[in-house]
Structure formats: C-alpha cells, structure tokens
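Peer 1: According to our numbering, the sequence shown is numbered sequentially starting from 1.
Here a beta-carbon is modelled for each residue, glycine too, at the ideal position from N, C-alpha and C.
Note that the structure is predicted; figures quoted are calculated from it, not measured.
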Amino acid sequence: MWFHAAAVLLSSEKSTITGWLREHHAPRLGEFPVKLDELARKGCQVYDIQGHTVSLECLLLPGMRELHLYCTASSGLAGVPARGAAPDVKSYDGLT
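(1) Ignoring anything shorter than 4 residues, give me the alpha helix (DSSP H) runs that lie fully in the stretch 19–65, in order along the chain.
(2) Would you mind stating whether Val8 and Ala26 have Cβ atoms separated by less than 8 Å?
(3) In terms of DSSP beta bridges, what is Ala7 paired with?
(4) If you run the structure through DSSP and keep just helix, strand and coil, what is Thr16?
(5) Helix, strand or coil for Leu77 per DSSP?
(6) Spell out the partners DSSP gives Leu72 in its beta bridges.
(7) Give a yes or no on whether the C-beta atoms belonging to Ser91 and Cys71 are separated by under 8 Å.
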C-alpha cells in the first residue's frame, strides 16, 4: 500500500487539533488566513504517503459541507514551485 492513516482525531476544538498535530510531528500551515481560521473544525488525520508525512484538517463550511486541508513538507517532492510563485488553481469535473 502506498499510503496509510497513521492517526485520527475527532474534535471541534481548534487548540486540541493544533496541539494533537504538533504532538504527532505533522506538517501544518503556520498561520491560517483569517476567514479560513474562523471555520469550525471536525477533526484531523496524519497519513504516511510514500514516506511523506501528510496532515489533513477537516473544516466545516456553511451547510455542513467539508473543506479538507492537506499539508506536507515540500522537501523531497518533485516539481515544487519556486517560493512566492503564484498559485496554480485548476478545476476538474466541477471541483476546484
């Protein structure tokens, strides 16, 4: 298997999620944009994907829709954009 969920936490408490990810040495965005940080939380997970630690934070959007934020260190990844490069946003089958 090329990935597995190493650990899972269900919590709506932002500080609990942040602390748990820190305890699991999971990568995480240092500071969220304000509107993103204001969203309710559902939980988080830590994955090992082909030797890379990846964190997943589940945020709740209005209407109980979910936003999944994945984070991993860029070191060791192929095709990493230059620091400060403009985002490359694409849409596929109605998803962005």
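Peer 2: So, from the listed chains and residues:
(1) Listed in chain order, they are 34–37.
(2) On the sequence shown, residue 8 is found 8 positions in, with the first residue counted as 1. On the sequence shown, residue 26 is found 26 positions in, with the first residue counted as 1. It is not a contact, given that the beta carbons lie outside the stated cut-off.
(3) Reading the sequence shown from its first residue, position 7 is the one you call residue 7. When beta bridges are read from the DSSP output, Ala7 appears opposite Val46.
(4) Position 16 of the sequence shown, counting from 1, holds the residue named residue 16. Of the three classes helix, strand and coil, the one that applies to Thr16 here is helix, per DSSP.
(5) Here the question's residue 77 lines up with position 77 in the sequence shown. Here Leu77 sits in coil by DSSP.
(6) Position 72 of the sequence shown, counting from 1, holds the residue named residue 72. The residue asked about is misnamed: residue 72 is Thr in this sequence, not Leu. Partner(s): Val54.
(7) Residue mapping note: residue 91 aligns to position 91 of the sequence shown, counting from 1. Residue mapping note: residue 71 aligns to position 71 of the sequence shown, counting from 1. Cβ atoms of Ser91 and Cys71: not closer than 8 Å.
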